[in-house]
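Start counting the sequence shown at 1; every next residue gets the next number (the UniProt record's numbering). Every residue, glycine too, gets a C-beta built ideally from N, C-alpha and C. Just so it is clear, the structure is predicted and the values come from calculations on it, not from any experiment. First up is the structure itself, then whatever we jot down about it.
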Amino acid sequence: MPEKIRHIETDSFYALKVLSKVEIVKSRQVDNAINEKRILSACNFPFVIRLFYSFKDNSYLYMVMEFVIGGEMFTLLRNMRRFPENMVKFYGAQVVLAFEYLHHLTIAYRDLKPENLLITADGFLKVADLGFAKLIPKDKRTWTLCGTPDYMAPEIIMSKGYHCAVDWWAFGVLLYEMTTGFPPFMHQDQMKTFEHIISGKVKFTNNFSPVLKDLVRNLIQVDLSRRFGNLKNGINDIKRHAYFSDLDWLQLYQMKIRPPYKPKCKGPCDTSCFEKWDEENFKVSDKEKFKYEFEDF
């Protein structure tokens with residue numbers, strides 16, 4: 001969990017993400033940590049978290065990012081149990097725009113879930129935690145098993161090789177979870193979850209309007225040749241779908257649409273919208289650890 005920090009001269013608040021070199025090497029996440037910094041450095045988009053600075057010392061890597069005061073969508077969804085359709089559409093559309101931007105840069109996000117979507121003081125979304133994001137050229141594939149099990153696309157689980165289309169499957173799962181309060185393939189046994197995902201069979205509740213149900217069906221589509229976002233019309237199959245017919249995409253990009261929810265914040269340093277966690281003590285080694293592994297950070 002990032003630490004909240006204050007810039008003394010400007011009195012501005014930021015989120016400081018601290019990564020232990022030892023833990024990164026131990027968990028074989030060196031490439032992911034370096035990729036996250038590189039990708040965030042290249043990104044400048046309203047609905048993607050912004051990186052301002054990065055540095056390292058003998059023991060840790062540091063990334064100074066914008067402090068998004070409204071907390072995680074996960075917390076809000078848990079408190080509300082499920083979102084009304086206007087909220088589902090509002091948040092979902094911002095994820096669409098964020099993915100359109102990332103995919104244009106040939107970046108697959110690969111870790112969509114409510115915990116990684118942050119809500120700003122004004123009520124808009126920021127896609128955060130790009131630790132699993134990866135540059136995948138359009139004519140290439142990757143085979144890494146990564147992400148959150150409930151949100152993994154079948155091609156990830158089956159090690160078939162995949163590209164940015166996995167994000168559109170995950171987007172369908174997110175729409176489902178925002179609407180019902182739980183993901184469509186959830187099971188206590190992870191192998192059962194994977195079996196349900198590979199089958200692609202989704203059971204809809206009464207909370208879904210016909211147009212939302214149709215969109216989700218076309219996103220949670222095992223057959224890649226039929227999955228929205230991966231067809232010849234690309235993202236337009238999603239943006240021009242009947243579900244979004246009353247949405248002005250330009251107005252949303254310019255953040256001129258009134259959000260259905262705004263977090264109640266007492267000030268620029270308020271952390272009440274975040275889960276409470278124990279603060280960590282950071283001990284910096286006298287000697288530089290893993291100099292070679294992190295020379296590109």
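Where S41 is concerned, there is no enclosing beta strand (DSSP E), although the alpha helix (DSSP H) around it starts and stops at 30-42.
Ranking I34, S59, C43 by CA distance to the CA of E100 puts C43 first. Under DSSP, no beta-bridge partner is assigned to S159.
It is roughly 14 Å from the alpha-carbon of S159 to the alpha-carbon of A165. Residue pairing by DSSP places I5 opposite Y14 in a beta bridge.
Relative to T142, the option among E115, I156, D296, F208 whose CA is nearest is I156. For K287, the closest C-alpha among the options N58, G200, F52 is that of N58.
Taking the C-beta atoms as reference points, R110 is found no nearer than 8 Å to K138.
CA-CA distance, N116 to Y292, rounds to 30 Å. Contact between V127 and A98 holds, with the beta-carbon distance rounding to 5 Å and staying under 8 Å. Secondary structure at V96: helix, using DSSP grouped into helix, strand and coil.
With fewer than three CB-CB distances shorter than 8 Å, the segment 45-53 does not count as touching the segment 209-220.
Our two residues, D237 and D167, have alpha carbons roughly 15 Å apart in a direct line.
Boundaries for F185: no alpha helix (DSSP H) harbours it, and the DSSP string shows neither H nor E there. Boundaries of the alpha helix (DSSP H) harbouring S199: 190-199, taken from the DSSP string. Classified as exposed, I8 has fewer than 16 neighbouring CB atoms from the shown chains inside 10 Å of its CB. Looking at the DSSP output, V127 sits in a beta bridge with V48, L117. A contact between stretches requires three or more CB pairs, one per stretch, nearer than 8 Å, and the segment 222-234 fails this requirement with the segment 71-87. Assignment of M80 by DSSP, reduced to helix, strand and coil, places it in the helix class. Taking all protein chains shown into account, F297 has 16 or more neighbouring C-beta atoms within 10 Å of its C-beta and is therefore buried.
Contact annotation: P263 and G92 have beta-carbon atoms that are not nearer than 8 Å.
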